[in-house]
Amino acid sequence: MADAGVLPRHVYTANEMISGYKVIDCRIRQQHDWSTCFYAHPQERARRRSLLRHSYAAVLCPDMVSSGSCRLGDACDKSHSVFELWLHPDKYCTRMCYDAPLL
Numbered sequence: 001m002a003d004a005g006v007l008p009r010h011v012y013t014a015n016e017m018i019s020g021y022k023v024i025d026c027r028i029r030q031q032h033d034w035s036t037c038f039y040a041h042p043q044e045r046a047r048r049r050s051l052l053r054h055s056y057a058a059v060l061c062p063d064m065v066s067s068g069s070c071r072l073g074d075a076c077d078k079s080h081s082v083f084e085l086w087l088h089p090d091k092y093c094t095r096m097c098y099d100a101p102l103l
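Be aware that the sequence shown starts at 1, since it is given in full-length UniProt numbering, and climbs by one per residue.
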């Protein structure tokens, strides 16, 4: 049975995934599995910056890769995690998924 208030990922469109997945803070107050929740949680590694507020490229920040932190913080023009990279509009849904079932 799914967690109350947590919708399966397949419900969301590509645009919703790009603009909202792990960007919007979770308001579900009951305990639930973060990995199945669309929303961001405190201290979660999948948290992303909003592309509506922060302009960053689909390239990993070399400072984040080498040291795990960036002196520019949210002002950095590069992706700070693989989640920001994977869900960037320049990357997300731009290649054929070979793991998808054939129709």
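Beta carbons are placed, not taken as given, at the ideal position from N, Cα and C, and that holds for glycine.
Close beta carbons around residue i, own chain, < 8 Å, minus the five adjacent residues each side
i: Ser55; result: Asp77
6 Å CB neighbourhood of residue i in its chain, flanking five on each side removed
i: Arg71; result: none
i: Ser79; result: Tyr56, Leu60, Leu85
i: residue 128; result: Only positions 1 to 103 of the chain appear in this structure, which leaves residue 128 out of reach.
Helix, strand or coil at residue i according to DSSP, with G and I counted as helix
i: Leu60; result: strand
i: Ala14; result: helix
i: Ser79; result: strand
i: Asp25; result: strand
Member of the options whose CA lies at the smallest distance from the CA of residue i
i: Gly20; options: Asp33, Ala57, Arg49, Ala75; result: Arg49
i: Val23; options: Val65, Glu44, Ala75; result: Glu44
i: Phe83; options: Tyr12, Thr13, Ile18, Ala14; result: Ile18
i: Ala58; options: Leu85, Asp74, Thr36; result: Leu85
i: Glu16; options: Cys93, Ser69, Asp74; result: Cys93
i: Cys26; options: Asp33, Met96, Ala14, Ala40; result: Ala40
i: Ala14; options: Ser66, Phe38, Asp33, Gln30; result: Phe38
i: Gly68; options: Ser81, Cys97, Met96; result: Ser81
Own chain residues within Cβ distance below 7 Å of residue i, not counting five before or after
i: Leu52; result: Ser19
i: Lys91; result: Ala58, Leu85
Beta bridge counterpart(s) of residue i as assigned by DSSP
i: Ala46; result: Answer by DSSP bridge pairing: none, since Ala46 is not bridged.
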